[in-house]
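Every position in the sequence shown, counted from 1, becomes a number in this note's numbering once 6 is added. Report on the following structure.
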Amino acid sequence: MTLLVRPFATPVRHALAAVAVAALPQIAFADADLAKQLANPIASMTSVPLQFNYDTGLGPNDTDRWITNIQPVTPFSLGDDWNLISRTILPVISLDAPATGLDDVTGIGDVVQSFFFSPKALTDSGWTWGAGPVLSIPTGSDEFTADQWGIGPTFVALKQENGWTYGALANHVWGIDPPDDRDAINNTFLQPFLAYTTPDAWTFTLLSESAYDWNEEQWTVPIIGAVSKLVTVGGQPISLQLGGRLYVEGPEGGPDWGLRAAVTFLFPK
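Pasting the structure below:
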């Protein structure tokens with residue numbers, strides 16, 4: 007049998023391979039850029055994070071709690087100079103029976119809706135910031151709702167340089183017209199964060215999601231460490247995250263430690 011060799015096949019194959027190899031750094035750079043944007047809570051990028059949280063050590067029987075947070079982020083352009091970033095958190099909660107004779111409970115919590123007005127340009131020193139209102143919307147099941155509206159201010163400031171992202175997000179919510187059997191919401195939330203994104207789109211994050219209940223004069227302070235990787239599946243950028251947390255302060259009967267996993271779908275412009 008005589009083999010017919012096409013003289014152009016090998017050069018073409020080599021050329022295509024060269025193009026593919028040359029494109030790899032660009033693809034990696036694009037993934038790293040998206041990962042850096044994801045580390046920015048007020049980036050002008052639509053994303054849909056699904057965050058799965060597990061806590062253990064609750065109550066006298068050291069029971070477990072699962073919280074799935076559905077957290078869509080939607081940016082809106084307000085002319086040449088400003089963005090409006092909408093951040094929504096809808097928790098779906100499952101709680102093991104806290105004591106013998108009680109039932110497990112599953113339901114949804116109150117929605118937390120934040121709006122950040124953020125300038126498109128960085129400050130002279132390279133910082134990004136945003137501020138606006140935060141709302142607590144009483145959408146929760148009977149077991150998990152504060153049964154009242156809440157409103158207050160929210161603010162975030164951060165800087166990104168040389169792969170690092172650092173800053174803090176904070177808000178305070180006051181309750182409006184609570185029912186007679188409940189205190190008005192009076193809660194402060196503080197989230198300092200530090201993240202490093204590698205050129206191949208790995209992100210290592212250390213943060214706290216601390217809350218202070220002014221009615222109970224009680225801090226809840228989890229320290230969270232997480233690792234994320236940005237991948238592309240069928241053309242869809244997705245961030246995968248796994249982490250853990252340790253509660254260094256909390257109310258009696260609160261959780262001791264927990265785990266976190268998250269899947270975030272990104273929709274860059």
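Note that beta-carbon positions come from the ideal geometry of N, C-alpha and C, so glycine has one too. Just so it is clear, the structure is predicted and the values come from calculations on it, not from any experiment.
Presumed contact (8 Å Cβ cut-off) between residue i and residue j, rounded CB distance
i, j, result
"GLN43", "ALA49", "4 Å"
"ALA207", "LYS235", "6 Å"
"TRP133", "ALA163", "6 Å"
"ALA268", "LEU96", "So it is not a contact: roughly 15 Å between Cβ atoms."
"PRO185", "ILE157", "That pair is no contact at about 17 Å."
"THR270", "SER124", "No, THR270 and SER124 are not in contact; Cβ-Cβ is about 20 Å, not under 8 Å."
Any non-hydrogen atom of the ligand SAM within 7 Å of residue i CB
i, result
"TRP170", "This structure does not include the ligand SAM; it has no bound ligands of any sort."
Helix, strand or coil at residue i [DSSP, three-state]
i, result
"GLN247", "strand"
"LEU108", "coil"
"ASP130", "coil"
"PRO31", "Confidence at PRO31 is low in this model, with a pLDDT of 47, below 50, so its placement is unreliable and the value that follows should be read with caution. Correct three-state label for PRO31: helix."
"LYS42", "helix"
"ALA268", "strand"
"ALA103", "coil"
"ASP70", "strand"
"ALA3", "A query on residue 3 cannot be resolved here, the shown segment of the chain reaching from 7 to 275 and no further."
"ASP219", "strand"
Reference residue i; option with closest CA among the options
i, options, result
"THR62", "THR94, THR238, ASP109, ALA103", "ALA103"
"ASP187", "ILE157, ASP153, PHE58, PHE199", "ASP153"
"VAL237", "GLU222, THR209, GLY260, GLY259", "THR209"
"SER120", "THR69, ALA127, PRO81, LEU64", "PRO81"
"SER214", "ALA137, ILE182, GLY249, TRP133", "GLY249"
"ILE230", "SER53, ASN59, THR194, ILE99", "ASN59"
"ASP262", "THR52, THR69, GLY158, SER245", "THR69"
"GLU223", "PRO243, PRO205, GLU255, GLY241", "GLU255"
"GLN197", "SER131, GLU149, ASN46, GLU167", "ASN46"
"ILE244", "VAL227, LEU272, GLU258", "LEU272"
"ILE76", "LEU90, THR94, GLY181, ASN89", "THR94"
Enclosing beta strand (DSSP E) for residue i [first to last residue]
i, result
"GLN57", "52-64"
"GLN224", "224-239"
"THR204", "No beta strand (DSSP E) holds THR204; DSSP gives it neither H nor E."
"PRO257", "From DSSP, PRO257 is part of no beta strand (DSSP E); its letter is neither H nor E."
"PRO274", "Run containing PRO274: none; DSSP gives neither H nor E here."
"PRO125", "117-125"
"PRO81", "79-84"
Unbroken stretches of the beta strand (DSSP E), 3 residues or longer, contained in the stretch 132-201 | Counting only runs of 3 or more, we get 133-143, 155-167, 170-182.
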